[in-house]
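In what follows, a single structure is set out as structure tokens and then discussed.
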Amino acid sequence: MIKVLYFCKECDIALKALKYIKKQKKYALQGCFISKTDKLKKIEKFLFKHNVKVFFKIDDLKQHFKEKEIDLFLSFTNTIILEQNILDISKKAINFHPAILPDFKGVSTTHRIYIYKYYYIIILKL
Numbered sequence: 353m354i355k356v357l358y359f360c361k362e363c364d365i366a367l368k369a370l371k372y373i374k375k376q377k378k379y380a381l382q383g384c385f386i387s388k389t390d391k392l393k394k395i396e397k398f399l400f401k402h403n404v405k406v407f408f409k410i411d412d413l414k415q416h417f418k419e420k421e422i423d424l425f426l427s428f429t430n431t432i433i434l435e436q437n438i439l440d441i442s443k444k445a446i447n448f449h450p451a452i453l454p455d456f457k458g459v460s461t462t463h464r465i466y467i468y469k470y471y472y473i474i475i476l477k478l
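The working numbering numbers the first residue of the sequence shown as 353 and each following residue consecutively.
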């Protein structure tokens, strides 16, 4: 079982990805860091329903997890830069950015994809 920690902001596409991860038998969701927004709290409600720990502060992650305790970080629509001491909690990390960099940088890239109707996938091993 792969232990996963998920990073996201509150948005529908991040919730869809989270639901997909939760359905997969090979993943054990250990928690979710949510970049706090004023939007609806759909992700928070989903996590509570499935008894998954929710984090709103980076310092809470450092206190809760030991180095290399998590197998995989999945960062999806995350609004913060993860520092090295946070990355050290996990063995591997994937940062999903659904648009071309630097042309479509920032946190509103999914909206721009709908407007311009194209996307690319780039995978970087950290």
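For every residue, glycine included, the Cβ atom is placed at its ideal position computed from N, Cα and C.
Asked	Found
Pick out whichever of H402, S427, K443 and V406 has its Cα sitting closest to the Cα of K418.	K443
Say whether the segment 364-375 touches the segment 395-402, bearing in mind that this needs 3 or more beta-carbon pairs closer than 8 Å, one atom from each stretch.	yes
Measuring alpha carbon to alpha carbon, tell me which residue in E362, I410 and G383 is nearest I438.	I410
On the DSSP letters alone, give me the boundaries of the beta strand (DSSP E) that K444 sits inside.	S442 to F448
Compute the beta-carbon to beta-carbon distance between I422 and K355, rounded to the nearest angstrom, for a pair I have assumed lies under 8 Å.	5 Å
DSSP on Q376, reduced to helix/strand/coil?	coil
Nearest-angstrom Cα distance between A445 and K377?	19 Å
I'd like the list of long-range same chain contacts for N447, defined as Cβ closer than 7 Å, with 5 residues on each side in sequence excluded.	S427
I need the straight-line Cα distance from L381 to V404, nearest angstrom please.	7 Å
With distance defined between alpha-carbon atoms, name the residue in N430, Q436, I395 and D440 nearest to F359.	N430
In chain order, what residues of the same chain have a beta carbon less than 6 Å from the beta carbon of F425, not counting five sequence neighbours either side?	L357, S442 and A445
Pick helix, strand or coil for K405, following the three-state DSSP scheme.	coil
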